[in-house]
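Asks: Here the sequence shown is numbered in my numbering, starting from 16 and rising by one per residue. All residues carry an ideal CB built from backbone N, CA and C; glycine is no exception. Following this message is one structure expressed as structure tokens.
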Amino acid sequence: MFANTQMMGMSLHFPDVCLTPTPAPVPIPYPNIELGPTAIPNVVNVLIMGMPAHNMGTVTPMTNGDNAGVSLGVASGTVMGPQRHLTGAFTVLIYGLPATRLTSVSLSNSTNAPGARIVPSQANVMMLAP
């Protein structure tokens, strides 16, 4: 799979069940997306195609898609919360942590929605490690 970088990439998470006022709060599932270029902290001294690489310490502070669920997420108690990766290439270490790649499983809106990276950051460097 392709390595994740700051260049591009997007993760999709579903279902992100949030309480939506209608006028009483009703749990409604929303799709939630995360954009790779907004992730921090990236590894600035390891460049892939001229952009900083991502490892499992890289977190996206804000996600989008569940904006209408203003009465907060059912599991996390947050809306538009952070996203973090749960899996990566555990035999490829970037700055001491496993590298993340396309199809790496992640959690969005803190712990509210499972998902994975579905849009590659770049299409040249592949990590074929287990």
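Indicate whether residue 115 and residue 70 have their beta-carbon atoms separated by less than 8 angstroms.
Replies: Taking the first residue of the sequence shown as position 1, residue 115 is located at position 100. Taking the first residue of the sequence shown as position 1, residue 70 is located at position 55. Their beta carbons are under 8 angstroms apart, which means residue 115 touches residue 70 by this criterion.
Asks: Return the chain-ordered list of same chain residues with a C-beta closer than 7 angstroms to the C-beta of residue 110, the five sequence neighbours on each side being excluded.
Replies: Translated into positions along the sequence shown, residue 110 becomes position 95. 58, 61, 70.
Asks: Measure the beta-carbon distance from residue 123 to residue 78 and round it to whole angstroms, keeping in mind my assumption that it falls under 8 angstroms.
Replies: What you label residue 123 is simply residue 108 of the sequence shown in a count that begins at 1. What you label residue 78 is simply residue 63 of the sequence shown in a count that begins at 1. Contact flag correct, Cβ pair sits at about 5 angstroms.
Asks: Could you pull the start and end residues of the beta strand (DSSP E) that residue 45 belongs to?
Replies: In the sequence shown, residue 45 corresponds to position 30, counting from 1. From DSSP, the beta strand (DSSP E) with residue 45 extends over 40 to 50.
Asks: When burial is assigned at 16 or more other CB atoms within 10 Å of the CB, is residue 118 buried or exposed?
Replies: Within the sequence shown, residue 118 is the residue found at index 103, counting from 1. Exposed: under 16 other Cβ atoms inside 10 Å.
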